[in-house]
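Per this note's numbering, the sequence shown starts with residue 21, numbered consecutively.
The beta-carbon is built from N, C-alpha and C at its ideal position, and this holds for glycine as well.
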Amino acid sequence: MPKSLISGVSMADVARHAGVSESTVSRALNNNPAIKLATRQRIQQIAQTLGYKPNIGARNLRLQRSHIVAVVINHDGATTQSLADPFMTTITAAIADALNERNYGLLLASSNLQPGTWYEHLLHNGRADGLIVIGRGTDDARFADLLAADAPFVVWGQADSDTAYTCIGSDNFMGGQQAAQQLLLSGRSRPQFLGNIQHAEIRQRYAGYQHAFRQAHIAVPPPISTHGFAPEHGYKALKHWLARHEDSCDGLFAASDNLGLGALQALHEASFQIPGDLAVVGFDDIDMAAVSIPPLTTIHQEIKQGGKRLVNALMDKLAGHKADSCLIPTRVVIRQSSCHIGNRPPINDL
Numbered sequence: 021m022p023k024s025l026i027s028g029v030s031m032a033d034v035a036r037h038a039g040v041s042e043s044t045v046s047r048a049l050n051n052n053p054a055i056k057l058a059t060r061q062r063i064q065q066i067a068q069t070l071g072y073k074p075n076i077g078a079r080n081l082r083l084q085r086s087h088i089v090a091v092v093i094n095h096d097g098a099t100t101q102s103l104a105d106p107f108m109t110t111i112t113a114a115i116a117d118a119l120n121e122r123n124y125g126l127l128l129a130s131s132n133l134q135p136g137t138w139y140e141h142l143l144h145n146g147r148a149d150g151l152i153v154i155g156r157g158t159d160d161a162r163f164a165d166l167l168a169a170d171a172p173f174v175v176w177g178q179a180d181s182d183t184a185y186t187c188i189g190s191d192n193f194m195g196g197q198q199a200a201q202q203l204l205l206s207g208r209s210r211p212q213f214l215g216n217i218q219h220a221e222i223r224q225r226y227a228g229y230q231h232a233f234r235q236a237h238i239a240v241p242p243p244i245s246t247h248g249f250a251p252e253h254g255y256k257a258l259k260h261w262l263a264r265h266e267d268s269c270d271g272l273f274a275a276s277d278n279l280g281l282g283a284l285q286a287l288h289e290a291s292f293q294i295p296g297d298l299a300v301v302g303f304d305d306i307d308m309a310a311v312s313i314p315p316l317t318t319i320h321q322e323i324k325q326g327g328k329r330l331v332n333a334l335m336d337k338l339a340g341h342k343a344d345s346c347l348i349p350t351r352v353v354i355r356q357s358s359c360h361i362g363n364r365p366p367i368n369d370l
């Protein structure tokens, strides 16, 4: 707890009078833009009244930024998603490129860090100036420590109406609609969804898919839930479902291409003809989607643009400016897995 060399008043004394933590006092006295202006001014006034005078040498050292941004992949203990996922590799590379243009480095933080400790481990100790979180995950409580500290961070994902932090991401609802419309245009009337809707992004894709089919007056059954995002998770979940519902689906929307690749394998083993018996649409447009058998129709995400926008938003926050959430449009990439079959007229009541 640093003390004034003249008055003997400590930072802890200022924190106690202000009703905040010592770290918040330190950041306020250093004019850190992550602390709201009104809070900074109140703490600075309390420090002046108490006669607190920080050590100038230490203050100058603290003012030096690391020019490092930490990136965390947000997942819960029940799912496995890491840099082995092609989407994660692509978006991390896009963020790294955008940071490099700003003369910032990237710290890839362990995804095993417990949510609620990100601020303490990555920002409070000065390892990084700001944080980019990939994915909203299953629970906004994961961001509680960052919000409480008014920390500079942004999240890859689509914000809901009540989201309290800045989100930059693809329009998942639009993408879900586009996937459903592609299935409808290929004549599919018995749809199924593959993915874990406990995750915010997946839930939004499901909502868009559900909306499009309901507009076409087609009932949507409950989704086939997966325990992760790897191809094997899509394979196992769909194989288990097919054992009980073999003839109840003619169109499948997989919430990611990885899940879609696993689904294709399960369908091949069950002797389904694709797209004759069943059309499949994925999401992400990873490289493997173009060379799967058959090539996978997918929803393309503008990942390079997303990486740049994430970095721009974080830099705005570091400069003390407001950064609004924004959505990036998606588009359909049509491939063989959802081609129209002659005996299946398109369903155009959209």
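Asked, Found
"Hey, is the segment 290 to 305 in contact with the segment 313 to 321, meaning 3+ C-beta pairs nearer than 8 angstroms?", "yes"
"Pick helix, strand or coil for Ala34, following the three-state DSSP scheme.", "Here residue 34 is Val; the residue named in the question, Ala, does not match the sequence. Correct three-state label for Val34: helix."
"With 16 other CB atoms within 10 Å as the buried threshold, where does Ile238 fall?", "buried"
"Measure the alpha-carbon distance for Pro241 versus Ala116 and round it to whole angstroms.", "40 angstroms"
"Starting from Ile188 and walking both ways along the beta strand (DSSP E), at which residues does that stretch end?", "Cys187 to Ser190"
"Start and end of the alpha helix (DSSP H) containing Val45?", "Glu42 to Leu49"
"Could you please give me the residues that DSSP links to Arg351 through a beta bridge?", "His320"
"Leaving out five residues before and five after Ser358 in sequence, what residues of the same chain have Cβ atoms less than 7 angstroms from its Cβ?", "Gln202, Leu203, Ser206, Pro295, Ala299, Val300, Val301 and Thr317"
"How close, in whole Å, do the beta carbons of Phe213 and Ile244 come, if the pair is a contact with beta carbons under 8 angstroms?", "7 angstroms"
"On a Cα-Cα basis, can you pick out the residue from Gln230, Gln178 and His265 that is closest to Ile348?", "Gln178"
"Leaving out five residues on either side along the sequence, give the residues of the same chain with a beta carbon under 8 angstroms from the beta carbon of Phe193.", "Gln178, Gln224, Arg225, Ala227, Gly228 and His231"
"Output the boundary residues of the alpha helix (DSSP H) element that contains Pro106.", "Pro106 to Glu121"
"Using C-beta distances below 8 angstroms, list every residue in its chain close to Leu167, excluding the 5 sequence neighbours before and after it, in chain order.", "Ala184 and Tyr185"
"Would you mind reading off the limits of the beta strand (DSSP E) that contains Gln212?", "Pro211 to Leu214"
"Helix, strand or coil, according to DSSP, for Asp304 in the structure here?", "strand"
"If you follow the beta strand (DSSP E) that Gly150 is part of, which residue opens it and which one closes it?", "Gly150 to Ile154"
"Rounded C-beta distance between Thr112 and Val91? I'm assuming under 8 angstroms.", "6 angstroms"
"For Gln293, count the other beta carbons within 10 Å of its own beta carbon; 16 or more makes it buried, fewer makes it exposed. Which is it?", "exposed"
"Buried or exposed, going by whether 16 or more other CB atoms sit within 10 Å of the CB of Glu221?", "buried"
"Would you call the CB atoms of Ile93 and Ile154 closer than 7 angstroms?", "yes"
"Is it the case that the Cβ atoms of Ile354 and Pro106 are separated by a distance below 7 angstroms?", "no"
"Identify whether Leu166 lies in helix, strand or coil by the three-state DSSP scheme.", "helix"
"Sort Met108, Asn145, Leu143 and His87 by Cα distance to Glu121 and report the nearest one.", "His87"
"What would DSSP say about Gln271, mapped onto helix, strand or coil?", "Checking the sequence shown, residue 271 turns out to be Gly, not Gln. Looking at Gly271 - three-state DSSP - the assignment turns out to be strand."
"Gln65: buried (16+ other C-beta within 10 angstroms of its C-beta) or exposed?", "exposed"
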